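Chains as they are written, first to last, in our numbering: chain A, 177 to 464; chain B, 460 to 738.
Shown next as structure tokens:
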């Protein structure tokens, strides 16, 4: 791990550098245009400082985004509609609910698939096929239909998150529940254990590494679902709404700050699952 | 009432048939037949419930209504398909995967870059990249170019990570053997490491098929010309013409499955030697 700290830092610095340079190139047209109308000619340092401080740049630079995030998180009350924390919480709650539902559904399906051959043969191909369908396309319809029958707010978004997150869980857990090898299953049989005991004492414990790997993917997918689920209701609330509102009014800095907060949210959530993974696996003695 | 009861009855009968079929030893026929029967039962149950409970077509149209709408508006569906899939998704997919592949081969020469880029690539692959869509729509305009750009951004990192992973997948022993043959860098790349990386490369290509379609459709929610699957879905939802939405989703599902299926077929040809392909 320590060996890769230097390379990662170098790559990140390179990305930031390219970002600043790209901002100069992308925003220069607008800067030149303004200078021409004001009848002044821009020197290079002036051009650079202008392109890095425009109000609606084509590409805002990192420090502009950072100051926008600072302004909308620290300087605003958490309950205010301008607060990014408030929008982030709305997205986060939908993400977590959808994630919980999707994980529950996924584990249940996996249990069914492992124990019933008929279910394995008939459901599994459809579970896989369901993922070649661009399910996010259904998002607007789910929102509108659930709205029409009087369900609005958190649940419709959570349903979309659930749909996106159940698949990695099903596939991972089917693999996990089947991870015990024939020798271990035979051992259970020689002890004359029932199916339930085999499940609780053998299959479930040995599926743990698979569970956490798929939970990480499911969490990332769930967040994407929640964000996309916020688009069709119009720009009401949530990080997705900030994206949409920003794109309506050309507020690029707002779009980028919503995007960066979504990325940070995803990183924190996945890291939390990773932490739970290390702790659980260490307790179970599965971590080498 | 009679509709829903008979639908449930049909469902029970076909499920019993499936249970019996799956007890028989696995063969090509049963592995194909069982899921097909299951799919048909779901459709029958759906139609039965829609008719039996008189569900308003504004909420959930039945499969029959969707099929008739599908057949009735083929020209519109075709223009949308060309706009979103052929122009947006496919061109972005080719550019994005191609660029990622070339960069992965280039990065592979430098262990330093590998150690720096891989964790970042893995990190970025987990981020909600679809959020880039409004920015790219702003940069590249409303037409298919911006959709292709979204697709490029979405497929780039999964593809990069998989290809780099694949290029490392040849054994130490095999690489040593190439060295004893006195093979140059390019020879060992072309003859050993690229072929060995193919299972990983195709894994990335398969993941990217779905991402490409999702990216192209979602990018249209942020602005598009008056054609395209995402545009049609969002406007028809607004008009509560759900049968048209479902027809469009059917097109998306068919296109997505066909895309995935054709990549998987090419994979079978290229990586015939891999254990997962030998049955």
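C-beta: ideal position from N, C-alpha, C; glycine also. Predicted, not measured: the structure shown is a model, and the values here were computed from it.
Can you give the Cα-Cα distance for residue i and residue j, rounded to whole angstroms?
i, j, result
"residue 652 of chain B", "residue 644 of chain B", "10 Å"
"residue 260 of chain A", "residue 499 of chain B", "47 Å"
"residue 708 of chain B", "residue 526 of chain B", "12 Å"
"residue 415 of chain A", "residue 679 of chain B", "18 Å"
"residue 588 of chain B", "residue 373 of chain A", "43 Å"
"residue 573 of chain B", "residue 541 of chain B", "38 Å"
"residue 450 of chain A", "residue 476 of chain B", "44 Å"
"residue 273 of chain A", "residue 406 of chain A", "15 Å"
"residue 476 of chain A", "residue 509 of chain B", "Here chain A has residues from 177 to 464 only, and residue 476 of chain A is not among them."
"residue 608 of chain B", "residue 677 of chain B", "12 Å"
"residue 463 of chain B", "residue 512 of chain B", "7 Å"
"residue 351 of chain A", "residue 494 of chain B", "20 Å"
"residue 551 of chain B", "residue 606 of chain B", "8 Å"
"residue 586 of chain B", "residue 391 of chain A", "15 Å"
"residue 292 of chain A", "residue 491 of chain B", "17 Å"
"residue 195 of chain A", "residue 346 of chain A", "39 Å"
"residue 423 of chain A", "residue 682 of chain B", "9 Å"
"residue 539 of chain B", "residue 592 of chain B", "19 Å"
"residue 502 of chain B", "residue 429 of chain A", "47 Å"
"residue 387 of chain A", "residue 349 of chain A", "6 Å"
"residue 282 of chain A", "residue 563 of chain B", "34 Å"
"residue 238 of chain A", "residue 639 of chain B", "50 Å"
"residue 354 of chain A", "residue 695 of chain B", "44 Å"
"residue 710 of chain B", "residue 536 of chain B", "7 Å"
"residue 359 of chain A", "residue 598 of chain B", "59 Å"
"residue 161 of chain A", "residue 321 of chain A", "Lying before the first or after the last residue shown, residue 161 of chain A is absent from chain A, which here runs from 177 to 464."
Answer yes or no: does any C-beta atom of chain B fall closer than 8 Å to that of residue i?
i, result
"residue 234 of chain A", "yes"
"residue 307 of chain A", "yes"
"residue 431 of chain A", "yes"
"residue 389 of chain A", "no"
"residue 313 of chain A", "yes"
"residue 351 of chain A", "no"
"residue 317 of chain A", "yes"
"residue 179 of chain A", "yes"
"residue 396 of chain A", "yes"
"residue 407 of chain A", "yes"
"residue 293 of chain A", "yes"
"residue 385 of chain A", "no"
"residue 422 of chain A", "yes"
"residue 435 of chain A", "yes"
"residue 456 of chain A", "no"
"residue 399 of chain A", "yes"
If you run the structure through DSSP and keep just helix, strand and coil, what is residue i?
i, result
"residue 355 of chain A", "coil"
"residue 430 of chain B", "Since the displayed chain B opens at 460 and closes at 738, residue 430 of chain B lies outside it and no answer follows."
"residue 461 of chain A", "coil"
"residue 643 of chain B", "coil"
"residue 142 of chain A", "Because chain A spans 177 through 464 in this model, residue 142 of chain A falls outside it and cannot be assessed."
"residue 259 of chain A", "coil"
"residue 306 of chain A", "helix"
"residue 367 of chain A", "coil"
"residue 638 of chain B", "helix"
"residue 460 of chain B", "coil"
"residue 244 of chain A", "helix"
"residue 650 of chain B", "helix"
"residue 214 of chain A", "coil"
"residue 733 of chain B", "coil"
"residue 727 of chain B", "helix"
"residue 695 of chain B", "helix"
"residue 228 of chain A", "coil"
"residue 585 of chain B", "coil"
"residue 236 of chain A", "coil"
"residue 475 of chain B", "helix"
"residue 627 of chain B", "coil"
Within 8 Å of any Cβ in chain A, is that where the Cβ of residue i sits?
i, result
"residue 651 of chain B", "no"
"residue 615 of chain B", "no"
"residue 477 of chain B", "yes"
"residue 586 of chain B", "yes"
"residue 620 of chain B", "no"
"residue 706 of chain B", "no"
"residue 598 of chain B", "yes"
"residue 696 of chain B", "yes"
"residue 677 of chain B", "yes"
"residue 498 of chain B", "yes"
Inset, instruction - Ignoring anything shorter than 4 residues or poking outside the stretch 367 to 438 of chain A, list the alpha helix (DSSP H) runs there in chain order. - result: 384 to 405, 415 to 425
Inset, instruction - Output the residue ranges of the alpha helix (DSSP H) runs that lie fully inside the stretch 527 to 583 of chain B and measure 4 residues or longer, sorted by chain position. - result: 533 to 540, 550 to 566
Inset, instruction - Could you name the residues of the stretch 190 to 209 of chain A whose beta carbon sits closer than 9 Å to any beta carbon of chain D, in the order they occur along the chain? - result: Absent from the structure is chain D; the protein chains it does hold are A and B.
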